[in-house]
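Protein chains: 2
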Amino acid sequence: MAFTYAFARPALTVDCVVFGFRDQQLVVLLIERGEQPFAGKWALPGGFVHDDETLDGAAERELVEEAGLRISYLEQLYTFGALDRDPRERVVTVAYVALVNPAQHELRASTDARRAAWFDVRERPALAFDHEAIVEQALERLRSKVRYRPIGFGLLDDTFTLTELQKLYEVIVGRALDKRNFRKKILKLGLIVPTDQKERGVPRRAARFFTFDRGRYDALTESGFDLELI
Amino acid sequence: MAFTYAFARPALTVDCVVFGFRDQQLVVLLIERGEQPFAGKWALPGGFVHDDETLDGAAERELVEEAGLRISYLEQLYTFGALDRDPRERVVTVAYVALVNPAQHELRASTDARRAAWFDVRERPALAFDHEAIVEQALERLRSKVRYRPIGFGLLDDTFTLTELQKLYEVIVGRALDKRNFRKKILKLGLIVPTDQKERGVPRRAARFFTFDRGRYDALTESGFDLELI
DNA sequence: ACAAAAGTGTTAGAATTACACCCATGA
DNA sequence: TCATGGGTGTAATTCTAACACTTTTGT
Numbered sequence: 001m002a003f004t005y006a007f008a009r010p011a012l013t014v015d016c017v018v019f020g021f022r023d024q025q026l027v028v029l030l031i032e033r034g035e036q037p038f039a040g041k042w043a044l045p046g047g048f049v050h051d052d053e054t055l056d057g058a059a060e061r062e063l064v065e066e067a068g069l070r071i072s073y074l075e076q077l078y079t080f081g082a083l084d085r086d087p088r089e090r091v092v093t094v095a096y097v098a099l100v101n102p103a104q105h106e107l108r109a110s111t112d113a114r115r116a117a118w119f120d121v122r123e124r125p126a127l128a129f130d131h132e133a134i135v136e137q138a139l140e141r142l143r144s145k146v147r148y149r150p151i152g153f154g155l156l157d158d159t160f161t162l163t164e165l166q167k168l169y170e171v172i173v174g175r176a177l178d179k180r181n182f183r184k185k186i187l188k189l190g191l192i193v194p195t196d197q198k199e200r201g202v203p204r205r206a207a208r209f210f211t212f213d214r215g216r217y218d219a220l221t222e223s224g225f226d227l228e229l230i
Numbered sequence: 001m002a003f004t005y006a007f008a009r010p011a012l013t014v015d016c017v018v019f020g021f022r023d024q025q026l027v028v029l030l031i032e033r034g035e036q037p038f039a040g041k042w043a044l045p046g047g048f049v050h051d052d053e054t055l056d057g058a059a060e061r062e063l064v065e066e067a068g069l070r071i072s073y074l075e076q077l078y079t080f081g082a083l084d085r086d087p088r089e090r091v092v093t094v095a096y097v098a099l100v101n102p103a104q105h106e107l108r109a110s111t112d113a114r115r116a117a118w119f120d121v122r123e124r125p126a127l128a129f130d131h132e133a134i135v136e137q138a139l140e141r142l143r144s145k146v147r148y149r150p151i152g153f154g155l156l157d158d159t160f161t162l163t164e165l166q167k168l169y170e171v172i173v174g175r176a177l178d179k180r181n182f183r184k185k186i187l188k189l190g191l192i193v194p195t196d197q198k199e200r201g202v203p204r205r206a207a208r209f210f211t212f213d214r215g216r217y218d219a220l221t222e223s224g225f226d227l228e229l230i
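Note that the protein sequences, when read in sequence, are chains A and B.
Using the working numbering, read the first sequence as starting at 1 and increasing by one per residue.
Using the working numbering, read the second sequence as starting at 1 and increasing by one per residue.
What follows is the structure, given as structure tokens:
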């Protein structure tokens with residue numbers, strides 16, 4: 001197929017900042033580029049938007065194609081349109097933030113054989129294009145969003161201990177939180193409920209597992225709530 | 001000029017939701033469409049992104065071309081990419097929110113002779129394309145942003161009374177605010193300072209004019225503040 | 001018995017909310 | 001002198017933040 005236009009129009013891509021939580025650290029998914037420009041450099045997963053798919057659809061497709069990921073949370077972040085952000089031609093990219101539990105997803109080799117890997121966000125390599133700026137903005141969004149929406153649960157297993165949840169929040173907001181205040185606040189919301197399961201085989205008092213109450217969350221969302229989580 | 005691509009790529013436009021404050025009401029700028037589709041319908045100002053301009057640049061250009069507006073505040077909102085949002089062909093649009101003081105800008109006739117006019121946001125006409133949804137999302141952004149960033153000042157004259165400022169906030173957040181509490185809170189921030197001017201010729205006690213202290217705002221912004229305005 | 005993290009309340013201080021009257025001005 | 005909105009303080013309540021010891025479990 002070839003299409004002809006009366007004037008130049010920018011190419012359109014999507015790029016995804018996929019965050020995970022592993023070994024008590026926030027990690028980000030990167031893809032090693034196989035071709036020029038920036039061959040051998042790490043970059044965000046993404047690619048061109050097809051003419052017959054939505055933006056969200058393109059983001060989901062790229063994540064499946066490039067890493068075999070099926071995502072639990074996907075949110076549009078910002079659209080980047082600097083003139084020189086791609087050295088080949090004008091490319092505008094719609095950036096997304098996605099959250100995933102790395103333990104539940106084996107990273108599959110990309111369909112075009114490029115490597116995909118998780119990196120600690122604080123020790124990530126230099127990135128291709130303007131992806132550095134995109135990751136920074138995604139971190140900002142994550143940090144501000146986590147304060148009033150319970151998005152963090154997408155990063156954890158279905159059941160989790162309160163300490164795990166607190167560590168996740170601490171990693172995202174970048175400071176230590178008070179254990180008792182954190183538990184009071186998070187439990188008062190009623191969004192997470194205790195199960196009757198406990199940790200097993202740990203050399204200490206076993207922690208109770210909790211689970212996210214999606215029904216209650218949906219009910220709250222209806223009535224236009226204001227969370228103020230931490 | 002004609003450009004040929006190996007595969008279809010969506011067309012890219014910008015659309016602007018321009019808010020103003022007039023007669024104690026929040027108003028939005030609309031343009032009457034001259035051509036199909038939606039000829040005669042009102043729509044958001046906007047148009048195609050040229051290959052040699054940034055997204056912000058395209059938004060600014062369209063506002064000048066279509067309404068003669070030079071804007072004080074412009075912020076990217078969201079990118080809309082539903083497949084059928086334009087009946088002619090696939091068009092992805094990057095939406096912007098802009099704030100302007102209508103009293104300081106005479107609306108100029110559009111370069112292609114379409115009408116531009118302000119409408120009370122609550123009594124706006126039915127809009128072309130998916131512009132209804134874009135305006136709704138812009139209102140949400142305005143309402144949430146105004147709570148922690150002092151963006152409202154772009155909508156007022158350089159000097160304003162505290163009652164004018166309070167009315168503006170009330171219109172945006174959609175509820176009455178307590179006069180004493182509002183003044184305490186807004187003055188404690190130190191972002192607005194009294195002038196020695198007062199209203200003249202009003203049949204009541206004259207109100208003092210205040211002005212926004214941009215220097216202080218920039219200083220606060222540096223140190224990563226958290227406003228919590230109302 | 002020891003090491004290691006789980007679990008649990010109280011109190012002081014800060015912030016928020018509710019609330020009513022006198023004042024200045026022009027007509 | 002009257003009508004109109006401008007301007008001002010306090011007290012009750014709620015929310016936030018700081019803080020330490022006992023419990024459970026496996027080795």
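We put the beta carbon where it would ideally sit given N, CA and C, even for glycine.
This structure is a prediction, so every number in the text was calculated from the model and none was measured.
Here Arg200 of chain A is exposed: its Cβ has fewer than 16 other Cβ atoms, across all protein chains shown, within 10 Å.
Along the segment 33 to 52 of chain B, going in chain order, the ones with a CB nearer than 9 Å to a CB of chain A are Phe48, Val49, His50, Asp51 and Asp52. Under the DSSP definition of a beta bridge, Tyr169 of chain B lacks any partner. One thing to note: Thr93 of chain A has its Cβ within 8 Å of the Cβ of Gly46 of chain A. Chain B has no Cβ within less than 8 Å of the Cβ of Gln137 of chain A.
Close CB contacts of Arg141 of chain A within its chain, under the 7 Å cut and outside five residues either way in sequence, are with Leu77 and Val97 (chain order). Taking a Cβ-Cβ threshold of 7 Å, the residues of chain B close to Gly81 of chain A are Thr54 and Leu55, in chain order.
For Ile31 of chain B, DSSP records a beta bridge to B:Ala43 and B:Ala116. Apart from sequence neighbours up to five positions away, the residues of its chain that approach Val121 of chain B with a beta-carbon distance below 6 Å are Leu26 and Val28, ordered along the chain. Identification of chain A residues near Tyr78 of chain B by a Cβ-Cβ cut-off of 7 Å yields Gln76, ordered along the chain. Interface flag for Leu12 of chain B against chain A is set, since a Cβ pair is found closer than 8 Å.
Beyond the five residues adjoining it in sequence on each side, Phe160 of chain B comes within less than 7 Å, by CB distance, of Phe209 and Phe210 in the same chain, given in chain order. Three or more beta-carbon pairs separated by less than 8 Å are not found between the segment 129 to 140 of chain B and the segment 177 to 194 of chain B, which leaves the two stretches without contact. Residue state for Tyr217 of chain B is assigned as helix, using DSSP reduced to three classes. Against chain A, the CB of Arg183 of chain B has no partner CB under 8 Å away; the residue lies outside that interface. Interface residue (Cβ-Cβ distance to chain A less than 8 Å): Arg90 of chain B is classified as such. According to the DSSP assignment, Gln76 of chain A belongs to the beta strand (DSSP E) that extends over Tyr73 to Phe80. With the rule of 3 Cβ pairs closer than 8 Å, the segment 61 to 79 of chain A does not count as touching the segment 35 to 46 of chain B. For Gln197 of chain B, there is no enclosing alpha helix (DSSP H); the enclosing beta strand (DSSP E) covers residues Ile192 to Lys198. Per DSSP, reduced to three states, the secondary structure at Val17 of chain A is strand. Neighbourhood of Val17 of chain A in chain B, by CB distance below 8 Å: empty, with the nearest CB roughly 16 Å away. Following the DSSP letters along the chain, one finds Leu99 of chain B in no alpha helix (DSSP H) but inside the beta strand (DSSP E) bounded by residues Val91 to Leu99.
The residue from B:Asp157, B:Gly152, B:Arg180 and B:Asp130 with its alpha-carbon nearest to that of Ile172 of chain B is B:Gly152. Residues of chain A with a Cβ closer than 9 Å to the Cβ of Val94 of chain B are, in chain order, Thr79, Gly81, Val92 and Val94. Comparing alpha carbon positions, the residue from B:Arg216, B:Ile186 and B:Phe129 closest to Arg147 of chain B is B:Ile186. Taking the Cα positions, Ala128 of chain B is about 10 Å away from Leu30 of chain B.
Annotation: Arg108 of chain B has no Cβ neighbours in chain A at a cutoff of 9 Å; minimum Cβ distance is about 25 Å.
Annotated as proximal: Glu32 of chain B and Arg114 of chain B, with beta-carbon spacing under 8 Å. Distances from the CA of Arg22 of chain A to each of A:Val14, A:Ala117 and A:Asp51 were compared; the closest alpha carbon is that of A:Ala117. For Arg204 of chain A, the nearest beta carbon of chain B is not closer than 8 Å to its own beta carbon. Around the beta-carbon of Thr79 of chain A, 16 or more other beta-carbon atoms lie within 10 Å, marking it buried.
The three-state secondary structure of Arg149 of chain A, taken from DSSP, is coil.
Neighbours of Arg61 of chain A across chain B, judged by C-beta separation under 8 Å, do not exist; the nearest C-beta is about 13 Å away.
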